[in-house]
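Input: a single structure, listed below in structure tokens.
Numbering (our numbering), first residue to last: 14 to 266.
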């Protein structure tokens, strides 16, 4: 949606009467909730089962997509874009975990490579297809950007239920609710601050939000270090490749 939405934004603003600030949050609300909840979304897959969590994420995503397609005003669209991000936060880690579980070790790298290539291809094709559709069918067709997620999502759920066997949770321990809450608040504050820096009228809150995010992230790390069953094994960050890849991804996004 993101790459197509960027092309459709001028038409969307005219159709809904959205201000510049509202247009920025229509784009950014999705990324805000996705980045805030992705760690908790991965933990939910471990706790409740990968297939169940993935199906739940897709269902939430397509329900929010339908609401986006029918949105009567910018405020409603922003709210359901945020809910789309919640669904995606469950889907993204679930998709990679299912691939890792479905393929043997020798084939796993190739499978993940295909997944990554497909993601890159759809991102690249989005603006081209979006521009073609808008120029051919007119500005009002921006709603189809969200509506197209419905058939794709329903097909995905069907294939998951038919082709992927139900799995038991890989971890029988309880969900680390404290860690999930701290991670969500920390990443959410950081994402909000970085987003607000470039949003019209949002610069005043950007600095405090970033500071709060850094403090909460530090508290999260301390909290996880003292948990018997932490949400994330902090020892993984002693592995250079793992730490480097995560750091590079952080600065990329």
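Ideal Cβ placement from N, Cα and C applies to all residues, glycine included. No experiment lies behind these values; they were computed from the predicted model shown.
Do residue 206 and residue 219 have their C-beta atoms closer together than 8 Å?
yes
Within its chain, find whatever has a CB closer than 7 Å to the CB of residue 46; leave out the 5 residues flanking it on each side and keep chain order.
95, 98, 99, 102
Please state the DSSP three-state secondary structure of residue 239.
coil
Given residue 180 as reference, the closest of 249, 250, 65 once Cα atoms are compared:
65
Where do the ends of the alpha helix (DSSP H) carrying residue 210 lie?
190 to 210
Give the DSSP-derived three-state secondary structure of residue 32 in the structure shown.
coil
Looking at the structure shown, is residue 244 part of a helix, part of a strand, or coil, going by DSSP?
coil
Quick one, which of 250, 25, 177 has its alpha-carbon nearest residue 39's?
25
Proximal residues to residue 75 (C-beta, below 6 Å), its chain only, five neighbours per side dropped
162, 163, 166
When the Cα atoms are used, what is the spatial distance from residue 125 to residue 109?
7 Å
Taking only three categories from DSSP, how would you classify residue 62?
coil
Among the candidates 104, 192, 63, whose CA atom is the shortest distance from the CA of residue 115?
63
Any chance you could list the alpha helix (DSSP H) runs of at least 4 consecutive residues sitting entirely within the segment 63 to 113, in chain order?
63 to 82
Exposed or buried, which one is residue 208 when buried takes at least 16 other CB atoms within 10 Å?
buried
DSSP on residue 178, reduced to helix/strand/coil?
coil
Count the other CB atoms within 10 Å of the CB of residue 86; is the residue buried (16 or more) or exposed (fewer)?
exposed
Return the chain-ordered list of same chain residues with a C-beta closer than 6 Å to the C-beta of residue 155, the five sequence neighbours on each side being excluded.
21, 24, 25
Would residue 246 be called buried (16 or more neighbouring beta carbons within 10 Å of its own) or exposed?
exposed
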